[in-house]
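Position one of the sequence shown corresponds to residue 8 (this note's numbering), numbered consecutively onward. Beneath this line is the structure, given in structure tokens, with notes to follow.
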Amino acid sequence: MSDQRLAAGRAGQGIEVARSGHAPTASLGVRVVLRAGALSMGALVVLGVSRLAHGSLVSHSVGAAAYGLIGSLIGITYVVALFVPAGLASAMTKYVARGRGRGDDAGAVAVYTSLRRVSDLCAVVLGVTAGALAWWMFPVTVADSVHVGLLAAVFSAYSVDKAALYGFDRVARYGWLELAGSGLAIVATVLVVLSGSTLYLAPLTAGYAVVVVGARLGLRPAVRQAGGRRAALPPGDGRRAAPQRREILVFAGLAAVGAGSAAGLLQGVPLLADRFADARSVGFLVAAVTLVSPLYLLPRVLGMALFPAMSHARGGGADDAVGRSADVSTRVTMVLLAPVFAAALPLAGPILVAYGGAEYSAGAPELRLLLVATYVAVAAIGPINALASGTMREARVPVLASVVGCAVGLALVAPLGWWFGGAGVAGAYLVATVVTSAGPMVTAARRWALRWRGTAARGVLALGGAFAVATASDRFDAGPLGPALAALLCCLLAIAVFAKDGRVLLTAARRPRGADLA
Numbered sequence: 008m009s010d011q012r013l014a015a016g017r018a019g020q021g022i023e024v025a026r027s028g029h030a031p032t033a034s035l036g037v038r039v040v041l042r043a044g045a046l047s048m049g050a051l052v053v054l055g056v057s058r059l060a061h062g063s064l065v066s067h068s069v070g071a072a073a074y075g076l077i078g079s080l081i082g083i084t085y086v087v088a089l090f091v092p093a094g095l096a097s098a099m100t101k102y103v104a105r106g107r108g109r110g111d112d113a114g115a116v117a118v119y120t121s122l123r124r125v126s127d128l129c130a131v132v133l134g135v136t137a138g139a140l141a142w143w144m145f146p147v148t149v150a151d152s153v154h155v156g157l158l159a160a161v162f163s164a165y166s167v168d169k170a171a172l173y174g175f176d177r178v179a180r181y182g183w184l185e186l187a188g189s190g191l192a193i194v195a196t197v198l199v200v201l202s203g204s205t206l207y208l209a210p211l212t213a214g215y216a217v218v219v220v221g222a223r224l225g226l227r228p229a230v231r232q233a234g235g236r237r238a239a240l241p242p243g244d245g246r247r248a249a250p251q252r253r254e255i256l257v258f259a260g261l262a263a264v265g266a267g268s269a270a271g272l273l274q275g276v277p278l279l280a281d282r283f284a285d286a287r288s289v290g291f292l293v294a295a296v297t298l299v300s301p302l303y304l305l306p307r308v309l310g311m312a313l314f315p316a317m318s319h320a321r322g323g324g325a326d327d328a329v330g331r332s333a334d335v336s337t338r339v340t341m342v343l344l345a346p347v348f349a350a351a352l353p354l355a356g357p358i359l360v361a362y363g364g365a366e367y368s369a370g371a372p373e374l375r376l377l378l379v380a381t382y383v384a385v386a387a388i389g390p391i392n393a394l395a396s397g398t399m400r401e402a403r404v405p406v407l408a409s410v411v412g413c414a415v416g417l418a419l420v421a422p423l424g425w426w427f428g429g430a431g432v433a434g435a436y437l438v439a440t441v442v443t444s445a446g447p448m449v450t451a452a453r454r455w456a457l458r459w460r461g462t463a464a465r466g467v468l469a470l471g472g473a474f475a476v477a478t479a480s481d482r483f484d485a486g487p488l489g490p491a492l493a494a495l496l497c498c499l500l501a502i503a504v505f506a507k508d509g510r511v512l513l514t515a516a517r518r519p520r521g522a523d524l525a
């Protein structure tokens, strides 16, 4: 059976979750995922705007050196909250949604209350740690260190409480809370600047606190409805509680390692380039990483929409539905995003010129390699979340792939950096991303008998061809219209390569039950 017919067959079947003898279980309908994705994107855009506004207002009110110090202090809070809170957040979403999918609301509440206790303890420890690091690393006062600790603690709790809202399917509430918190942060920043105060971290702390407090107040009815149960995590008799508790905590640890390996490598690319490339190449990479970082909102939004829905479906026993969701989401993202990323490759030079000036045009190869890596990362979001929502054995696959990919990237940085400069470092990151994505995709394909070889080959052809066209166009001076024409050609190439896939997905989406395809 061809890839296209297989996709149409799976898409047409729809995703209906089996019932497990409890309350109604989950649905992985496309409307559910699209709604969650749209709300998540809106919330993240609002959050990004508030951070940008905060940075702009503060940078215009202080000197460059002072702003560098403030940015470094904020960076400490994000770094300390990258690992453990990220793992707890993933565990919160997965096991709360899974409990609800089983119809076990009391169990979901027990997981929520227990993980929230762990999160609160973690927030206190990380807050003290961040404050101590700030005092040790920078010339700050005790009051400044306290402010850093407060921001770190609140941001840590914010990550986990936001995940709880997703686990309980309160995505719309999260969106409104994010809007309220971000608005408060912007207003508070204006007041701090106008008053001449130096409490530059307080607006961010207040904004995150709105989400924390709002989430906990909003979930109180769910706790009361479940009988106010606050059992140890998770509920059950003594013989079952300990193994289940270990599973949840082990998953949280694995998720923390995976998140740190994936996010840390991208942000560490400029630091690695500083060791193996010249200063000019480092500047190109810093600009490239800055430009592609917002694009990672795509996999983040997809994950925020798919992961709770898949975990919910797993709780209802709908393993096959999760596989079909991973299949269709992977095909949709590869087909829809290929023309966009292909068109962006020839425009890498002009984008860099607009960002940093004419001298940055030479950094086009670095930006192109990072753009290809972003496309590869987005394509694997469906399989990664499908596996992470399953058994511990399945959940280990994305983490192991992330760690192996990070190790491979680090091993390649030195030789490729010495041979090719900044482009070599970007190439090492691309290889690391391929390894990180390939593991979950191959495992998911075997787990659910999915045929992705043709789709993956067409993705390589579309992006590889666009990269070749973009590189060749650099050698010809066709004026300002040259990159635009090359971008159009690359876009049409990607559309032609995925034409059959696009028609199949469009046909499947129009079917009466096609609303359940993702």
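The beta carbon of each residue, even a glycine, is placed where N, CA and C say it ideally should be.
Looking at the backbone, the Cα of F90 and that of A266 are separated by about 7 Å.
Leaving aside the five residues that flank E185 on each side, the residues in its chain whose CB is nearer than 7 Å to its CB run, in chain order, A50, V53, L54 and V218. In terms of CA proximity to R109, G174 leads the group P146, G174, I77 and L95. For P372, the CB contacts under 6 Å within the same chain, skipping 5 residues up- and downstream, are A430 in chain order. Around the C-beta of A179, fewer than 16 other C-beta atoms lie within 10 Å, and the residue is accordingly described as exposed. Apart from sequence neighbours up to five positions away, the residues of its chain that approach S409 with a beta-carbon distance below 6 Å are G265, S268, A269 and T443, ordered along the chain. Each of W425, V432 and V299 was checked against the Cα of A384, and the nearest Cα belongs to V299.
In this structure, L512 lies away from V476, with their beta-carbon atoms at least 9 Å apart. Note that the C-beta distance between F283 and A369 is not below 9 Å. Burial check for H61: the Cβ neighbour count within 10 Å reaches 16 or more, so the residue is buried. Approximately 5 Å separates the beta-carbon atoms of G182 and L46; this is inside 8 Å, confirming the contact. A Cβ-Cβ separation of about 5 Å places T381 in contact with L302 under the 8 Å criterion.
In this structure, P447 is the residue among P447, H67, G203 and A294 with its C-alpha nearest to the C-alpha of S396. In the DSSP annotation of this structure, the continuous segment of the alpha helix (DSSP H) that includes A355 starts and ends at A355 to G363. Residue environment: M144 is assigned as exposed (fewer than 16 neighbouring CB atoms within 10 Å of its CB, all protein chains considered). For L226, there is no enclosing alpha helix (DSSP H), since its DSSP letter is neither H nor E. Secondary structure note for G434: its alpha helix (DSSP H) is the uninterrupted segment G429 to W455. Under the DSSP assignment, Y382 falls in the alpha helix (DSSP H) whose first and last residues are A371 to A386. T398 carries a coil assignment under DSSP once its states are collapsed to helix, strand and coil. When V415, G364 and L64 are compared, the shortest CA-CA separation from S204 is found for L64.
Burial check for S202: the Cβ neighbour count within 10 Å stays below 16, so the residue is exposed. With at least 16 other beta carbons inside 10 angstroms of its own, W459 counts as buried. Counting only residues of its own chain and dropping the five nearest sequence neighbours on each side, A473 has a CB closer than 7 Å to the CB of A349, L352, C497, L500 and A501. CA-CA distance, V199 to L191, rounds to 12 Å. L206: not part of any alpha helix (DSSP H); DSSP gives it neither H nor E. The count of Cβ pairs closer than 8 Å, one atom from the region 111-131 and one from the region 159-178, reaches three, so the stretches are in contact.
One alpha carbon belongs to G138, the other to L206, and they sit about 15 Å apart. For the region 74-127, the continuous alpha helix (DSSP H) assignments of 4+ residues that do not extend past its boundaries occur at 91-108, in sequence order. For T148, the closest C-alpha among the options L122, I193, V103 and L80 is that of L80. A contact between stretches requires three or more CB pairs, one per stretch, nearer than 8 Å, and the region 454-468 meets this requirement with the region 331-344.
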